[in-house]
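Colleague: Letter by letter, the sequence shown follows residues 1 to 284 in full-length UniProt numbering.
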Amino acid sequence: LQRPISNYVTYKKVPPLDKLVQKLSPHHEDPRLLSMITYLKHRTSSSTPAADTPLPQDLPTFATYLQTTYGSLALDHLFALVDLTRLLFLDPRVSSYFAEEPDHKTLLTLLSPSAGLSKCPYNLRIVMLQLCCTLFSTPLYRDQLATSSSSLLPTLLHLTTSSLLDSHTNLRVVAASLAYNLAALNHNARFAGHADPLSEENQVELTASLVEAIAQEEESQEALHGLLFALGLLVYEASPDSAVVDLCKAMGIAETVVAKKNLSNVAKEPLIKEVGEELLMRGL
Numbered sequence: 001l002q003r004p005i006s007n008y009v010t011y012k013k014v015p016p017l018d019k020l021v022q023k024l025s026p027h028h029e030d031p032r033l034l035s036m037i038t039y040l041k042h043r044t045s046s047s048t049p050a051a052d053t054p055l056p057q058d059l060p061t062f063a064t065y066l067q068t069t070y071g072s073l074a075l076d077h078l079f080a081l082v083d084l085t086r087l088l089f090l091d092p093r094v095s096s097y098f099a100e101e102p103d104h105k106t107l108l109t110l111l112s113p114s115a116g117l118s119k120c121p122y123n124l125r126i127v128m129l130q131l132c133c134t135l136f137s138t139p140l141y142r143d144q145l146a147t148s149s150s151s152l153l154p155t156l157l158h159l160t161t162s163s164l165l166d167s168h169t170n171l172r173v174v175a176a177s178l179a180y181n182l183a184a185l186n187h188n189a190r191f192a193g194h195a196d197p198l199s200e201e202n203q204v205e206l207t208a209s210l211v212e213a214i215a216q217e218e219e220s221q222e223a224l225h226g227l228l229f230a231l232g233l234l235v236y237e238a239s240p241d242s243a244v245v246d247l248c249k250a251m252g253i254a255e256t257v258v259a260k261k262n263l264s265n266v267a268k269e270p271l272i273k274e275v276g277e278e279l280l281m282r283g284l
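(1) Answer yes if the region 38–47 comes into contact with the region 63–76, meaning at least three C-beta pairs across the two stretches below 8 Å, and no otherwise.
(2) Using the rule of at least 16 other Cβ atoms within 10 Å of the residue's Cβ for burial, across every protein chain shown, is S112 buried or exposed?
(3) Does the beta-carbon of A176 have 16 or more other beta-carbons within 10 angstroms, so that it is buried, or is it exposed?
(4) For the region 2–27, list the beta strand (DSSP E) runs that are entirely contained and at least 3 residues long, ordered along the chain.
(5) Tell me whether N181 sits in a helix, a strand or coil according to DSSP, three-state version.
(6) Can you list, in chain order, the residues of its chain whose CB lies under 6 Å from that of Q144, leaving out five sequence neighbours each side?
(7) Figure out for me which residue from R93, L81, L117 and D30 has the closest Cα to the Cα of T106.
(8) Starting from the C-beta of A192, find all residues in its chain whose C-beta is less than 7 Å away, skip the five residues before and the five after it, and write them out in chain order.
(9) What do you get for T61, buried or exposed, if any count of 16 or more other CB atoms within 10 angstroms of its CB means buried?
(10) The alpha helix (DSSP H) spanning L164 covers which residue range?
(11) Roughly how many whole angstroms lie between the Cα atoms of L224 and L20?
(12) Can you tell me where the alpha helix (DSSP H) with G226 in it begins and where it stops?
(13) Along the chain, where does the alpha helix (DSSP H) containing D30 start, and where does it finish?
(14) Check each candidate in D83, P54 and L34 and name the one with the smallest Cα separation from P15.
(15) Do A183 and A230 have their C-beta atoms within less than 9 Å of each other?
(16) Does DSSP classify D246 as helix, strand or coil?
(17) How is A259 classed by DSSP in three states: helix, strand or coil?
(18) Which residue wins for smallest C-alpha separation from T256, given the options I214, H28 and T207?
(19) Quick one: any contact between the region 198–208 and the region 23–37, if contact means 3 or more CB pairs under 8 Å?
(20) D30 to T160, Cα distance in whole Å?
(21) State the start and end residues of the unbroken alpha helix (DSSP H) segment that holds K105.
(22) Alpha helix (DSSP H) containing T69: first to last residue?
Next comes the structure, spelled out in structure tokens:
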């Protein structure tokens, strides 16, 4: 907590691309899509450094493909389109290209199901979270999320806070990772002497969701680690009279965290001591 965060969480696993493409039928033979798949296969299987892999010539028109295909796919196949975008965005050159799109039209289209998460299938919810995590690997997206006028930030916050209590362990882990990335963005701005990218209202919303999720997490040490790290980053160097600190005190989060030592599934998590005992109990 006493240094800037240099590593954001991203998800780099590559699924079988041919199976992913089949989910995009009847748009699976579009030349724009096929050029992206050829590029991805070359990037993931070649000994050539990823940064030296030539970008597909169809990249400038692929946003149109994503938007039109999104509008015609069944809900249970949308995950394939979002996951394909995640894979493409792992190349900073691609994500930087999309970061400059006016109003983030393509990205917000792909994330629009987050407005009604209860209707979203599990595979779509988790890949939307993974795609959002990937944005933090690109300086352009980090800079844009740090501006008060960001149209992306409300979507990311909603997706995070609405997913931290999900019944699926793997989804809670990814939601905690996105919360960590958001908190790290805010933490790094503080270290650089800049204004907090997250407004006090946003920090309170995220903190309240983290506190509730920490209180309920009894199964996954990995999820608890992400939750505690995110909370620690929000609290560390926060003003003593800030709403975030007041909220933590009012909700008794220090005692809640320390009590996790009594739960066998998560008792070995080292951040219970660092965040619970040292930061929250002694530092606040």
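From the three backbone atoms N, C-alpha and C, an ideal C-beta is built for every residue, glycine too. Predicted model only: the values in this text are computed from it and were never measured.
Modeller: Well, looking at it:
(1) no
(2) exposed
(3) buried
(4) none
(5) helix
(6) S150
(7) L81
(8) none
(9) exposed
(10) L164 -> no alpha helix (DSSP H), and no H or E assigned at all.
(11) 31 Å
(12) Q221 to V235
(13) Where D30 is concerned, there is no enclosing alpha helix (DSSP H), given that its DSSP letter is neither H nor E.
(14) D83
(15) yes
(16) helix
(17) helix
(18) I214
(19) no
(20) 33 Å
(21) K105 to L110
(22) L59 to Y70
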